[in-house]
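Let me begin by presenting the structure, written as C-alpha cells, before commenting on it.
Protein chains: 2
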Amino acid sequence: MAVTIKDIARLAGVSTATVSKVLNRKDSVIGEETRQKVLSLARELNYTPNSLARSLVTRKSHVIGIIVPDILNPYFTELVRACDDAARLRGYTTLVCNSEGIAEIETAHLASFGGHRVDGILLAASDVIPDTELLDALCIPVVCMDREIGPVARLVTTVDTDYRSGAFQATRHLIEKGHTRIAFLSGAPHRSNTQIRLSGYKDALAQAGIAFDPELIRCKEFQHRFGHQATLDLLKRTDFTAICCMNDMLAIGAMVALRERGRRVPEDCAVIGFDNIYLSPLLEHPLSTVDRRIAHSARVATTALIDFLDDPNRKVEAITIMPTVVSRTTT
Amino acid sequence: MAVTIKDIARLAGVSTATVSKVLNRKDSVIGEETRQKVLSLARELNYTPNSLARSLVTRKSHVIGIIVPDILNPYFTELVRACDDAARLRGYTTLVCNSEGIAEIETAHLASFGGHRVDGILLAASDVIPDTELLDALCIPVVCMDREIGPVARLVTTVDTDYRSGAFQATRHLIEKGHTRIAFLSGAPHRSNTQIRLSGYKDALAQAGIAFDPELIRCKEFQHRFGHQATLDLLKRTDFTAICCMNDMLAIGAMVALRERGRRVPEDCAVIGFDNIYLSPLLEHPLSTVDRRIAHSARVATTALIDFLDDPNRKVEAITIMPTVVSRTTT
DNA sequence: GTCGCCAAAGTACACGTTTACCTGCGTTTA
DNA sequence: TAAACGCAGGTAAACGTGTACTTTGGCGAC
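Residue numbers (the working numbering), protein chains in the order written: chain U, 254 to 584; chain H, 254 to 584.
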C-alpha cells in the first residue's frame, strides 16, 4: 500500500541500496544524475520511510519513553510538554505513560518500553521505587528527575531540585512578611523528599529565632484534596497566619478552605506554594510560590539523556536545579 | 543484546516458528511438553517481543496517534489522558503530538504518524484545517473530535459536542437565576464552533423575551488571557450581572478580572464556564459550568476508532455528546 | 598491454517476527 | 495393506531498511 524504497528503486531503474544511500545522504559516492532522479521520485510518490523497518536494522528507534505518575497533574503536564519539545528538537519522539504511582503499572510500562526498543527513558518523580532489576535487564539508558533510585547500570544522571533551599526560601519569605506562626503542608512524611523540605523549613525558622511547633505540620500527600482538608483541620485546632505548601496544588486546596471559612488571602492568612506550575499566576489570587523551573529542568534532563545517546562516553554529573521565590498576591 | 525468539528456539531445541506459535497462543497445534518448555524459557530469560519486528510483518503497530493543539491546555490534558486509558484497555499505545494550532506542524506530525505506521489517528479540536490530501494519501483511519473536516477517505466517524444545546442551557441557567444582562465570551468569531454557541445563547435569550445586545458579546480566542481582558473591557463599557463563558479558562480569566475590580462572585456577578475541566471544582470559587463529559467523549472516540480497526466493515454513525449544566458556587 | 585505481552502482545479508506451506510419522479405515 | 488423515513441528519467505562487500567499466600510469 504505502510506497517503499523498492518502488522508488524499480521506477528509477536502480537498486534499493542506491536509493537508501541517497535518502540517507550517504550520497558522496552517488552520481548526481541518479541522485536527482531518486530524490524527485521520492518527493513525487510522497515517500515516507518506514521507521519500524529502519529502527529494526539500525537498532535505534529515536523514541524516548517517559514515565510520570499522572499527566493530569499540572506539574507533570508541564514537565512532559517540555521534555517532548526538547526531544523533538533533537529528532526524537516521546512515548509517555502514566504509572498512577503504582509499581506494577510502572513495571509494565518499562517492559513495554523494552518491547518498543526505546532509546532512552525519562523517569519522573514518584513515590514508587523503580524496579531496578528490570531496569538493569532492559539495558536502556535512564535519566531520573527528582526521584530516588538505587544503583542502576544504565543510569545516565539525575536532575534534582534543591528542595531544602526551596523550602528555606519560602519560609524565609513568609518570615520577612512578618509571619511567625507558619503552617507547613507536604507529601508522604517518610519520604526523604518531604524530610528535606521540612529541614529547610526548620532552618529558616531557627535562623529567625522562631520556635518550631509540630502542631503546624501536616504531611500526607501532594494532592489538592489534602491541602483543603489539612487547612480545615489546622483552622480548627490551632492558629497561624501563613501556610507554606510544598506544592501548588496543596496551596490551591488550602486557599479554597480558607475562603470557605471566611479567611481572606493574604490579609488574614498568607499562602505560598511550590513548583510554580503554569496555573499559579492564573488563579483568582495569583499564587506566590517557589519557582522550580519545571520546563528548564525537563530540558536539562532530556538533553542530558540525548547527549548520552549520541555519545555514551560522555560522562555526565548529577544536576541540581536551584529554585527561587516568586512573590505574587498571596503573600 | 536483548533476548530474541531465536535464543529461545535454540535453547529449547525447536524452531523459531514453534516458539512464535506458542507465544502467540496459536498453540492448538503444539505439544504440551514443548509448549511448557518454551513458556518457561521465555519467562526465565525475561523475553520481551520486539514490537518493531512484529509490527513490520503483521502490518499492525497497535499504536494510535493523537494530535491536540497543546496538551498544556487542561481540556486537552484530560482528553489525552482519557484516550490513552481507553486505548491501553484495548491493547494500544498512544503517540501524542502538539500541533500548536499550526497547520505545518500538524502536517509534519501526520507524516510522522505515517512513518511510524500508526494504526489510527485521533484528531482533536483545533482551528487549523487538516491536510486532507495528506490524510488521504496516508490511508490511516481517522476519528475527529469536535473538529470540522472535509471529506476524507478514511474518516471513520466524528464525535461532537452539542454546542448549541450547551450554550442554550448555560444561558437559561443564568436567566433562571434572575439575570438579564448576560455577557458572552467565546473564541474565534468566524468559526462555526463559535457561531453555533452564539445561536444557543440567543435562543435562550429569545425564549425568555430578553433582547439581544451585541455590546455584551466578546469573541476572539479560548484563552485565559482573553477572558481577563474582555471582562475588564466589558466592565468599563457596559453593565451586566453575569458572564457566560464558552470555556472554563475564559471563565477563570474573567473571575480574576472581576476580583481585580472588586466585584464579588456570584453576588455582584455570576460566572458560568464550559467544558467542566477537572480544575473547575478545585478553584477558590468552584466554577459552575457546562459539563461536556470530556473523558466520556474521549472514550467514545477512541473506542469507535479501535472498533473500526478490529472490524473495518462496521459502519459507525457520527456521535453527538449532549452536555449538561453543573451548578457550583459561581452562579 | 597490463595493472591498479576510482567512481558508481549492485548483491546479499541482517534486523526479529509471523505465517503459509511442507514434512514425517503414527494411526485409522476401507 | 495401502490410502488417508491428523498431529507436531520445521522451512523459508516476507515485512522495509541499512550497509559491508563486491562488481563493473573506464581511465591513467607504467
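The beta-carbon is built from N, C-alpha and C at its ideal position, and this holds for glycine as well. Since the structure is predicted, the reported quantities are computational estimates derived from the model, not experimental observations.
Chain-order list of residues whose beta-carbon lies under 6 Å from that of residue i (same chain, five-residue window excluded)
i      : result
H/H481 : G506, V509 and A510
H/R400 : L376 and A378
U/G367 : L391
H/L485 : A510
H/T555 : C336, A339 and A340
U/L487 : A436
Residue environment, residue i, which counts as buried when at least 16 other CB atoms sit within 10 Å
i      : result
U/I382 : exposed
U/G318 : buried
U/T491 : exposed
U/F475 : buried
H/N500 : buried
H/M502 : buried
U/A459 : exposed
H/D528 : buried
U/P327 : buried
U/M575 : exposed
H/N277 : exposed
H/N566 : exposed
U/P322 : buried
U/K279 : exposed
Contacts around residue i, its chain only, beta-carbon distance under 8 Å, and the 5 residues preceding and following it disregarded
i      : result
U/E331 : I530, Y531, I547, A548 and A551
U/S268 : A262
U/T584 : H426, L427, K430, A495, P519, A523, V524, I525 and S541
U/G419 : R450, G453, F527, V543, R545 and P576
Assumed close pair residue i, residue j - CB separation to whole angstroms, cut-off 8 Å
i      : j      : result
H/L427 : H/A495 : 5 Å
H/N240 : H/I324 : The question about residue 240 of chain H has no answer, for chain H in this structure spans 254 to 584.
H/P519 : H/T582 : 7 Å
H/L387 : H/A364 : 7 Å
U/I463 : U/T433 : 5 Å
U/A660 : U/C497 : In the structure as shown, chain U starts at 254 and stops at 584, and residue 660 of chain U therefore has no counterpart that could be examined.
U/T410 : U/A571 : 6 Å
U/I374 : U/V395 : 5 Å
H/H315 : H/T346 : 6 Å
U/F493 : U/A457 : So it is not a contact: roughly 15 Å between Cβ atoms.
Which of helix, strand or coil DSSP assigns to residue i
i      : result
U/T484 : helix
H/D372 : coil
U/D528 : strand
U/S439 : strand
H/C336 : helix
H/G344 : coil
U/I355 : coil
H/A557 : helix
U/I547 : helix
U/S533 : helix
U/L240 : A question about residue 240 of chain U goes unanswered here, because the residues of chain U that appear run from 254 up to 584.
U/I449 : helix
H/M398 : strand
H/R514 : coil
H/I317 : strand
U/S268 : coil
H/I261 : helix
Where residue i meets chain U, residues with beta-carbon distance less than 9 Å
i      : result
H/M499 : By Cβ distance, chain U contributes nothing, its closest Cβ being about 17 Å from H/M499, past 9 Å.
H/H369 : N303, S304, L305, V316 and T346
H/R512 : E537 and H538
Per-residue contacts from residue i into chain U (C-beta, under 7 Å)
i      : result
H/N299 : A390
H/I505 : L535
H/S308 : L305
Partner residues on chain U for residue i, Cβ-Cβ distance less than 8 Å
i      : result
H/E331 : L325
H/R552 : The premise fails here: H/R552 is roughly 15 Å from chain U at the closest Cβ pair, so nothing lies under 8 Å.
H/Y531 : L325
Under 8 Å from the C-beta of residue i: neighbouring residues of chain H
i      : result
U/V509 : L535, L536, E537 and P539
U/A364 : T301
Chain H residues whose Cβ lies nearer than 7 Å to that of residue i
i      : result
U/H477 : L535
U/R343 : Within chain H, no residue comes near U/R343; the closest Cβ sits about 14 Å away, beyond 7 Å.
Contacts that residue i makes with chain H (C-beta to C-beta distance below 9 Å)
i      : result
U/R334 : D323, I324, L325 and N351
Same chain, Cβ closer than 7 Å to residue i, five either side skipped, listed in chain order
i      : result
U/A461 : I428
U/Y300 : V256 and I261
U/T360 : D384 and L387
U/D380 : G354, A441 and R444
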